[in-house]
Amino acid sequence: MFSMSSSPNRRPSISEMAAARAPVPDTNANYLDGLNPEQRDAVETTEGPLLVLAGAGTGKTRVLTTRLAHIIASKLAWPSQTLTVTFTNKAAREMRERALKLIGDAGEGLRWLGTFHSISAQILRRHAELAGLKSSFTILDTDDVIRLCKQVIEAENIDTKRWTPRHLSSLIDGWKNRALTPAKVPKDEAWQFADGKAIQLYETYQNRLKVLNACDFGDLLIHNITIFQKNPDLLADYHQRFKYILVDEYQDTNVAQYLWLRLLARGSNNICCVGDDDQSIYGWRGAEVDNILRFEKDFPGAKVIRLERNYRSTKHILAAASSVIDFNKGRLGKTLYVGDGEQGNPDAEKVQVRGLWDGEAEARLICDDIESYINKGGQYEDCAILVRASWQMRLFEERLIMLGIPYRVIGGPRFFERAEIRDALAYLRLVRSPDDDLAFERVVNQPKRGVGATTIQKLQTFARADGRSLFTLVPMVLQTDEVKGPAKRGLTTFIDQINLWRDRLNNGMPHHELAQVILDESGYTDMLQKDRSPQSQTRLDNLKELIHALGQFDSLAGFLEHVELVMDVGGQSSGNEVQILTLHAAKGLEWPMVFLPGWEEEVFPSRRSLDESGMKGLEEERRLAYVGITRAREKCAISFVANRMIFGRWQSVLPSRFVDELPHDNVEASSETGYSTMPGADQGFQGTIEDLGERSNYTSPGWRRLKENAGKGSKTGPVIDGKAELIATSSGKSGFKIGQRVHHEKFGYGQVLAADGTKLQVNFKNVGLKKVISTFVTGV
DNA sequence: GATTTAGATATTTTT
DNA sequence: TATCTAAATC
Numbered sequence: 002m003f004s005m006s007s008s009p010n011r012r013p014s015i016s017e018m019a020a021a022r023a024p025v026p027d028t029n030a031n032y033l034d035g036l037n038p039e040q041r042d043a044v045e046t047t048e049g050p051l052l053v054l055a056g057a058g059t060g061k062t063r064v065l066t067t068r069l070a071h072i073i074a075s076k077l078a079w080p081s082q083t084l085t086v087t088f089t090n091k092a093a094r095e096m097r098e099r100a101l102k103l104i105g106d107a108g109e110g111l112r113w114l115g116t117f118h119s120i121s122a123q124i125l126r127r128h129a130e131l132a133g134l135k136s137s138f139t140i141l142d143t144d145d146v147i148r149l150c151k152q153v154i155e156a157e158n159i160d161t162k163r164w165t166p167r168h169l170s171s172l173i174d175g176w177k178n179r180a181l182t183p184a185k186v187p188k189d190e191a192w193q194f195a196d197g198k199a200i201q202l203y204e205t206y207q208n209r210l211k212v213l214n215a216c217d218f219g220d221l222l223i224h225n226i227t228i229f230q231k232n233p234d235l236l237a238d239y240h241q242r243f244k245y246i247l248v249d250e251y252q253d254t255n256v257a258q259y260l261w262l263r264l265l266a267r268g269s270n271n272i273c274c275v276g277d278d279d280q281s282i283y284g285w286r287g288a289e290v291d292n293i294l295r296f297e298k299d300f301p302g303a304k305v306i307r308l309e310r311n312y313r314s315t316k317h318i319l320a321a322a323s324s325v326i327d328f329n330k331g332r333l334g335k336t337l338y339v340g341d342g343e344q345g346n347p348d349a350e351k352v353q354v355r356g357l358w359d360g361e362a363e364a365r366l367i368c369d370d371i372e373s374y375i376n377k378g379g380q381y382e383d384c385a386i387l388v389r390a391s392w393q394m395r396l397f398e399e400r401l402i403m404l405g406i407p408y409r410v411i412g413g414p415r416f417f418e419r420a421e422i423r424d425a426l427a428y429l430r431l432v433r434s435p436d437d438d439l440a441f442e443r444v445v446n447q448p449k450r451g452v453g454a455t456t457i458q459k460l461q462t463f464a465r466a467d468g469r470s471l472f473t474l475v476p477m478v479l480q481t482d483e484v485k486g487p488a489k490r491g492l493t494t495f496i497d498q499i500n501l502w503r504d505r506l507n508n509g510m511p512h513h514e515l516a517q518v519i520l521d522e523s524g525y526t527d528m529l530q531k532d533r534s535p536q537s538q539t540r541l542d543n544l545k546e547l548i549h550a551l552g553q554f555d556s557l558a559g560f561l562e563h564v565e566l567v568m569d570v571g572g573q574s575s576g577n578e579v580q581i582l583t584l585h586a587a588k589g590l591e592w593p594m595v596f597l598p599g600w601e602e603e604v605f606p607s608r609r610s611l612d613e614s615g616m617k618g619l620e621e622e623r624r625l626a627y628v629g630i631t632r633a634r635e636k637c638a639i640s641f642v643a644n645r646m647i648f649g650r651w652q653s654v655l656p657s658r659f660v661d662e663l664p665h666d667n668v669e670a671s672s673e674t675g676y677s678t679m680p681g682a683d684q685g686f687q688g689t690i691e692d693l694g695e696r697s698n699y700t701s702p703g704w705r706r707l708k709e710n711a712g713k714g715s716k717t718g719p720v721i722d723g724k725a726e727l728i729a730t731s732s733g734k735s736g737f738k739i740g741q742r743v744h745h746e747k748f749g750y751g752q753v754l755a756a757d758g759t760k761l762q763v764n765f766k767n768v769g770l771k772k773v774i775s776t777f778v779t780g781v
């Protein structure tokens, strides 16, 4: 319907470009139908900088996609002359699909629609030499980066226990988020690591990257920025190219992304940013809410459009969210209201706030709610449980399994971050680029080939001295007697195999077939098949999945590039299942029924957030609360508990301050925390000391002590900190929990240190070394 | 060099 | 509690 006279992939002729400059309003633009006045304004304001403040559920994505479609359909620009940046691959994909749906073939050729990282990688590949790289540079993921940091720290003889590689990598990442190259880092920040060596380490890290012909994620943008700054001609080319810039989730941009956008927008000045300051929840990853707060100053003459009509949630849900977020200072300010009609649904349910005894009771209640919703004809997929931290998920999983309710955990370790997948990819990387030392180190002894740490260290020393890569160095070392025995044999077969695989690839063996061959011939598959741990089958399945995914790409290079930047390929199909996810992962999603458990001080708002970032941290936690509530369409149930087990210890906890910030009129509150004793307090335990037999996990200190003691004929445990530990065996059904306070008629009060359902280890406060417990332990 | 054991450590995670 | 890493032992 909006097809153009010529193929959109063809470069436009001069006259076409001239014609495109004069907007030709399309009177049949029915893609504009159904937009409200503000949305329409946001779509049609095409000149100059524009900030669209889009509250939750106000049609943000629709505006963005329609705007893109509008620009193309009105021939203001060719698809290839628009730059659209998102944060996630998923958002980019959705944007592309929706734009294509609106304008059909005319939208083909949206080459510059993608994530900040994928677009800056594209640009960097074209001009890599200006950053001292080859255009075939590899993009390192977090895992590689940490290993590299470790090497850098060790090279300086710094204790990696006191100063962890993870810490250094997060510092470097933080600087890159702020667009600081080693030279630009404020000198006093050097003291954040290894007694003032931080900046120096950052510098060596960067040098190592250059030698490896590699980039980390932050580099993609930093290199772009420096290239643009040093080469005005080149920047001018891109100014010519990008007539319109669209940015999604602007509140999440960091300094580097902001500078990058500023540089590119200087050409046309047609930059449209869409975002919501109230949904900025990635501050800990370098996002600067300030970017969106400062927009009008940064882009003079900017227009600001607010989208406040919410088409998602009931009035009670919106009132609850607004009430909480209103406690934040320094907002741009918007008030959400029900988009359809004055009141919305008059029968809408109020937001529920419930207090429970402990996490298990909370899980029971929520899962029962889900069950009764299903019994009334609801769908599992309509329900979501949103938690602050992933450790909170376990209780819900256990309960859902018990009830036989299908569920899916969203997020968690991603497909391409799994060890077996990264191993397989490292083999492929090494076959393709022998100089990839990080890949070499990863797989040279995986499966075991007798090449241990000592050998690798030796090789690294030589490689450093020679300025060669490990792979090219090894054949030379093998000529000498520096490496002997199993290590020598292992290295020989390793090198031979890699070379053989490379020949096969060059002789036209399809890459997915090669991947299978590599896994089989290297012994990797064997290793997993022999491994009888419960995860090994999943690992084999994952590898199968990987080979399948490989088959979808034309070339190995194409696949690797894809993998480096698009890490979310794993099985996406979601069936009819209850979803469990973190609040962070929930952004951008919505459900009819949303459960928000764990609203307790220290948990949510999280203690660490407050400790580390104070007021700023608290406000971000509050935005997280806002995001959580606004995910709900019809029903939102918030809950908190009185007792929670955190890191294996029971703690009594207080309701979150956010609970008090909810509006009374829109909330229905109830509490069941009136217990005076722990559940199970009425049950008795008879204590005798026994051999505990085999248990899968004795590694925790409590159980380890317990095991040491078992079967030694000893009647009591060792004295630790002047307190005796006694091991009791349950006489009946266990209702006791780790950390729970118990009472024994002889020994007085104690605390349960370990329990597996039938046996208890109790730490009694006032006891020295004592004998058999033959009497009952009672919960208090 | 591999395996076992002991100890420390613990959010959120778009690329 | 569960997981990861380093030291100790085989």
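Basically my numbering = 1-based index in the first sequence + 1.
Beta carbons are placed, not taken as given, at the ideal position from N, Cα and C, and that holds for glycine.
Only a predicted model underlies this, so the values are computations on that prediction, with no experimental measurement involved.
Buried or exposed: where does residue i fall if 16 or more other Cβ atoms within 10 Å of its Cβ makes it buried?
{"i": "residue 92", "result": "buried"}
{"i": "residue 594", "result": "buried"}
{"i": "residue 266", "result": "buried"}
{"i": "residue 544", "result": "buried"}
{"i": "residue 402", "result": "exposed"}
{"i": "residue 525", "result": "buried"}
{"i": "residue 438", "result": "buried"}
{"i": "residue 408", "result": "buried"}
{"i": "residue 31", "result": "exposed"}
{"i": "residue 701", "result": "With a pLDDT of 49 at residue 701, under the threshold of 50, the modelled position of this residue cannot be trusted; read the value that follows with caution. Answer is exposed; the Cβ neighbour count stays below 16."}
{"i": "residue 549", "result": "exposed"}
{"i": "residue 26", "result": "The predicted model places residue 26 with a pLDDT of 46, which falls under 50 and marks its position as unreliable, so this point remains unresolved."}
{"i": "residue 434", "result": "buried"}
{"i": "residue 620", "result": "buried"}
{"i": "residue 592", "result": "buried"}
What does a CB cutoff of less than 6 Å around residue i pick up in its chain, not counting 5 residues either side in sequence?
{"i": "residue 51", "result": "273 and 304"}
{"i": "residue 331", "result": "none"}
{"i": "residue 203", "result": "173 and 183"}
{"i": "residue 715", "result": "At residue 715 the pLDDT is 32, less than 50, meaning the model places this residue with poor confidence and gives no usable figure here."}
{"i": "residue 236", "result": "229"}
{"i": "residue 436", "result": "470"}
{"i": "residue 145", "result": "439"}
{"i": "residue 363", "result": "357, 598, 640 and 642"}
{"i": "residue 638", "result": "353 and 596"}
Name the two residues that bound the continuous beta strand (DSSP E) containing residue i.
{"i": "residue 593", "result": "592–597"}
{"i": "residue 408", "result": "408–410"}
{"i": "residue 669", "result": "668–672"}
{"i": "residue 1", "result": "Because the chain in this structure spans residues 2 to 781, residue 1 falls outside the shown range and cannot be described."}
{"i": "residue 248", "result": "245–248"}
{"i": "residue 276", "result": "272–276"}
{"i": "residue 579", "result": "579–583"}
Tell me where the alpha helix (DSSP H) around residue i begins and ends.
{"i": "residue 559", "result": "557–566"}
{"i": "residue 456", "result": "454–467"}
{"i": "residue 432", "result": "420–433"}
{"i": "residue 473", "result": "471–480"}
Which same chain residues, not among the five before or five after residue i, have their C-beta less than 7 Å away from its C-beta?
{"i": "residue 552", "result": "513"}
{"i": "residue 662", "result": "324, 325 and 328"}
{"i": "residue 394", "result": "388, 410 and 581"}
{"i": "residue 425", "result": "516, 520, 544 and 547"}
{"i": "residue 314", "result": "58, 631, 633 and 634"}
Under 8 Å Cβ to Cβ from residue i, same chain only, skipping five residues before and after it: list those, please.
{"i": "residue 164", "result": "154, 194 and 195"}
Every unbroken alpha helix (DSSP H) inside the segment 589–655 [4 residues or more]: Correct list: 608–631.
Cβ pair count under 8 Å reaching 3, the segment 327–338 against the segment 263–279: A contact exists between the segment 327–338 and the segment 263–279.
If we require 3 or more residues per run, which beta strand (DSSP E) segments fall completely within the segment 287–372? Taking 3 residues as the minimum length, the beta strand (DSSP E) runs contained wholly in the segment 287–372 are 304–308 and 352–359, in order along the chain.
Check whether the segment 625–633 and the segment 379–393 touch, using three or more Cβ-Cβ pairs below 8 Å as the test. With the cut-off at 8 Å, the segment 625–633 and the segment 379–393 touch.
Quick test of the definition: if touching needs 3 or more C-beta pairs under 8 Å, does the segment 117–129 touch the segment 94–102? Segments in contact, no.
Taking 8 Å as the cut-off, does the segment 238–250 touch the segment 213–225 (at least 3 CB pairs, one atom from each stretch)? Output reads no: the segment 238–250 does not touch the segment 213–225.
Quick one: complete alpha helix (DSSP H) runs, 4+ long, within the segment 116–161? Here the runs fully enclosed are 117–127 and 143–156.
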